[in-house]
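J.: Could you have a look at this structure, given as structure tokens, before my questions?
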Amino acid sequence: MRNIFWLITLTLSSLVACYSPSNVIQANDKNFQQIVTTPGKFTFVDFYADWCRHCKKLSPVVDQLLNLFADYPQIQVVKINGDKDGKKMSKKYVTIGYPTLLMFDDSGQHVEFEGVRDVEAFSNFIQQLSGVRLDKSKQDEYEESNLHKQGNGQQQQQEEQDVIVSLTPQSFEQQLQNTQYAIVAIEGSWCSYCKEFAGVFDQIANTIYARNKNILFATFTVDEQGNGQEIIDKYGVKRLPALMLVKEGNLDNAIVYEGDLRRLDKVIDLINDFAGTLRDRTGELKEGAGVIRHISESIAKANVGEFEQVLSELDTLCGDTVGFYKSVVESLLTDANALNVEYNRIKLILDKDIDKLNGVTVDSLKQRLNVLNSLRL
Numbered sequence: 008m009r010n011i012f013w014l015i016t017l018t019l020s021s022l023v024a025c026y027s028p029s030n031v032i033q034a035n036d037k038n039f040q041q042i043v044t045t046p047g048k049f050t051f052v053d054f055y056a057d058w059c060r061h062c063k064k065l066s067p068v069v070d071q072l073l074n075l076f077a078d079y080p081q082i083q084v085v086k087i088n089g090d091k092d093g094k095k096m097s098k099k100y101v102t103i104g105y106p107t108l109l110m111f112d113d114s115g116q117h118v119e120f121e122g123v124r125d126v127e128a129f130s131n132f133i134q135q136l137s138g139v140r141l142d143k144s145k146q147d148e149y150e151e152s153n154l155h156k157q158g159n160g161q162q163q164q165q166e167e168q169d170v171i172v173s174l175t176p177q178s179f180e181q182q183l184q185n186t187q188y189a190i191v192a193i194e195g196s197w198c199s200y201c202k203e204f205a206g207v208f209d210q211i212a213n214t215i216y217a218r219n220k221n222i223l224f225a226t227f228t229v230d231e232q233g234n235g236q237e238i239i240d241k242y243g244v245k246r247l248p249a250l251m252l253v254k255e256g257n258l259d260n261a262i263v264y265e266g267d268l269r270r271l272d273k274v275i276d277l278i279n280d281f282a283g284t285l286r287d288r289t290g291e292l293k294e295g296a297g298v299i300r301h302i303s304e305s306i307a308k309a310n311v312g313e314f315e316q317v318l319s320e321l322d323t324l325c326g327d328t329v330g331f332y333k334s335v336v337e338s339l340l341t342d343a344n345a346l347n348v349e350y351n352r353i354k355l356i357l358d359k360d361i362d363k364l365n366g367v368t369v370d371s372l373k374q375r376l377n378v379l380n381s382l383r384l
């Protein structure tokens with residue numbers, strides 16, 4: 008029976024590959040779960056859309072990645088079109104936008120890649136999470152042949168780096184209504200303290216919270232001629248500089264903070280409370296980030312028969328680690344030692360290879376480790 012399963016899987020994979028423009032596996036809603044849970048496989052998935060300009064630029068890079076791992080059967084590279092026959096899976100896994108890049112293990116657990124979108128970064132990401140190591144000769148050959156592309160890669164990184172958005176009276180409300188979290192520094196062109204705070208705000212937006220893509224950081228300036236005055240009057244801003252915090256586009260319940268902005272730690276605490284983040288002044292996650300305390304307590308106290316109730320409650324929640332919590336519960340249904348295995352795997356990666364991973368991946372792994380720590384009661 009096992010041989011038949013492998014034969015069917017191999018045949019399906021071959022058929023899918025035949026209809027792809029390259030040897031990358033082209034998945035769809037019907038076969039996606041089967042592909043990413045193939046025993047013994049790690050799967051790098053590119054979720055894309057036909058209209059997405061960045062996706063078109065990325066496509067040949069993903070093809071190069073496949074060539075790099077062509078001799079490593081443990082690694083498979085998959086694309087799925089969220090605009091056509093991959094809508095259902097994209098709705099499930101794409102949380103911010105296209106392209107979305109995820110690495111799956113054969114249990115279906117995944118980690119999102121966010122960083123410089125080049126073959127070297129993808130290769131390091133795959134090697135660290137899978138434990139597969141490219142032969143040095145193959146790695147050296149690739150690096151030598153792509154040395155002349157480094158300048159272009161650096162330019163792409165700069166182009167894609169998030170920057171603080173400058174709002175106008177005309178764009179102010181429309182821009183803020185279309186974001187999950189928005190934090191606006193409201194300043195005056197004549198205000199010397201505002202100029203001092205600009206450097207602090209830049210550090211907050213582009214360093215401390217640079218990995219939080221769901222937070223929009225913006226500035227709004229009132230000039231000496233009074234342009235923009237109607238905005239600060241409408242929202243009751245009395246003192247500059249001020250921070251305006253808007254959640255889910257709800258401008259009617261915007262928070263205006265006019266307290267002491269010279270104390271960086273206090274501003275960080277304000278943002279952490281507002282957006283549910285747990286960062287310190289270096290931008291690293293604090294202990295407990297990602298932990299849903301009452302869920303961890305329920306899992307720790309529950310017996311196997313009560314896990315279905317925990318899963319039902321997780322279906323009502325949202326957050327970065329909800330999916331991981333579900334994977335943990337599902338693993339515990341079949342293997343009581345699953346927590347220790349996953350804990351040791353993640354800890355080994357963070358202890359040995361943290362300097363080779365991009366910040367977003369480190370965040371994801373640290374949150375998972377925090378969750379597992381909260382269950383080791």
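Position one of the sequence shown corresponds to residue 8 (my numbering), numbered consecutively onward.
For each residue, glycine too, the CB sits at the ideal point set by N, CA and C.
Predicted model, so just to flag it, every value in this text is computed and none were measured.
1. Thinking C-alpha only, which one of Leu357, Ile353, Thr175, Asn310 is nearest Gly233?
2. For Val126, tell me which candidate among Gly266, Leu318, Leu65 has the shortest Cα-Cα distance.
3. Do Lys405 and Tyr332 have their CB atoms nearer than 8 Å?
4. Between which residues of its own chain and Leu382 is the CB-CB distance below 8 Å, once the five residues before and five after are set aside?
5. On the premise that Phe224 lies in contact with Ala212, defined as a C-beta separation below 8 Å, what is that separation, rounded to the nearest angstrom?
6. Can you grab the Cα-Cα spacing for the pair Tyr55 / Asp230, in whole Å?
7. Asp360: which of Gly47, Val84, Phe132 sits nearest, CA to CA?
8. Specify, as a first and last residue, the run of the alpha helix (DSSP H) that Thr341 falls within.
9. Let me know the secondary structure DSSP gives Val298 once reduced to three states.
10. Kindly indicate the opening and closing residues of the beta strand (DSSP E) around Lys3.
11. In the DSSP output, which residue or residues are listed as bridge partners for Asp53?
12. Short of 7 Å in beta carbon distance, which residues of its chain neighbour Val329, apart from the five on each side in sequence? Order them along the chain.
13. For Gln157, does the three-state DSSP call read helix, strand or coil?
14. Please return the same chain residues whose Cβ sits closer than 6 Å to the Cβ of Trp197, not counting the five positions on each side in sequence.
15. Could you check how far apart the C-beta atoms of Leu252 and Glu180 are, in whole angstroms? I think they sit under 8 Å.
16. Identify every residue that forms a DSSP beta bridge with Val263.
17. With a threshold of 8 Å on Cβ separation, who are the neighbours of Ser357 within its own chain once the five nearest residues in sequence on each side are excluded?
18. Within a Cβ cutoff of 6 Å, which residues of the same chain sit near Thr107, ignoring the five residues on either side of it in sequence?
19. Going by alpha carbons, who is nearest to Phe208 out of Ile193, Glu294, Cys62, Asn260?
20. Taking DSSP as the reference, what is the three-state secondary structure of Tyr200?
21. So for Glu291, helix, strand or coil by DSSP?
22. Measure the alpha-carbon distance for Asp169 versus Ala217 and round it to whole angstroms.
23. Using the three-state DSSP reduction, which class does Ala205 fall into: helix, strand or coil?
24. For Ala296, does the count of other Cβ atoms within 10 angstroms reach 16, so buried, or fall short, so exposed?
25. What residues in its chain sit with their C-beta under 7 Å from that of Ala261, if we drop five residues either side in the sequence?
26. DSSP on Phe179, reduced to helix/strand/coil?
27. Should Gly93 be labelled buried (16 or more other beta-carbon atoms within 10 Å of its own) or exposed?
28. Taking the C-alpha atoms as reference points, what is the distance between Leu141 and Gln83?
29. In or out: Lys86 buried (at least 16 other Cβ within 10 Å) or exposed?
30. Do Lys354 and Gln135 have their C-beta atoms within less than 8 Å of each other?
31. In the DSSP output, which residue or residues are listed as bridge partners for Arg286?
32. Applying the 10 Å Cβ sphere with the 16-neighbour rule, what's the burial state of Asn38?
33. What are the boundary residues of the alpha helix (DSSP H) that includes Gln135?
34. Can you check DSSP and say which residues form a bridge with Val229?
35. Could you spell out the range, first to last residue, of the alpha helix (DSSP H) harbouring Gln40?
36. Is the CB-CB distance between Arg300 and Lys293 below 8 Å?
T.: Quick look at the numbers:
1. Thr175
2. Leu65
3. Nothing can be reported for residue 405, as the shown portion of the chain is limited to 8 through 384.
4. Ser303, Ile306, Ala307, Val335, Leu346
5. 4 Å
6. 42 Å
7. Phe132
8. 329–341
9. coil
10. Nothing can be reported for residue 3: it is not among the residues displayed for the chain, which extend from 8 to 384.
11. Lys86, Leu108
12. Leu321
13. Note that Gln157 has pLDDT 47, beneath the 50 cutoff, so the model's placement of it is unreliable and the number below is only indicative. Reduced to three states, the DSSP call for Gln157 is helix.
14. Glu231
15. About 15 Å separates the two Cβ atoms, so there is no contact after all.
16. Met251
17. A small fix is needed here, since residue 357 is Leu in this sequence, not Ser. Excluding sequence neighbours, Leu357 sits near Val369, Leu372, Lys373, Leu376.
18. Phe54, Val101
19. Ile193
20. helix
21. coil
22. Because the pLDDT at Asp169 is just 44, under 50, the model does not fix this residue reliably, and the value given afterwards should be weighed accordingly. Distance between the alpha carbons of Asp169 and Ala217: 8 Å.
23. helix
24. buried
25. Tyr242, Met251, Leu252, Val253
26. helix
27. buried
28. 14 Å
29. buried
30. no
31. Leu292
32. buried
33. 126–137
34. Gly195
35. 39–43
36. no
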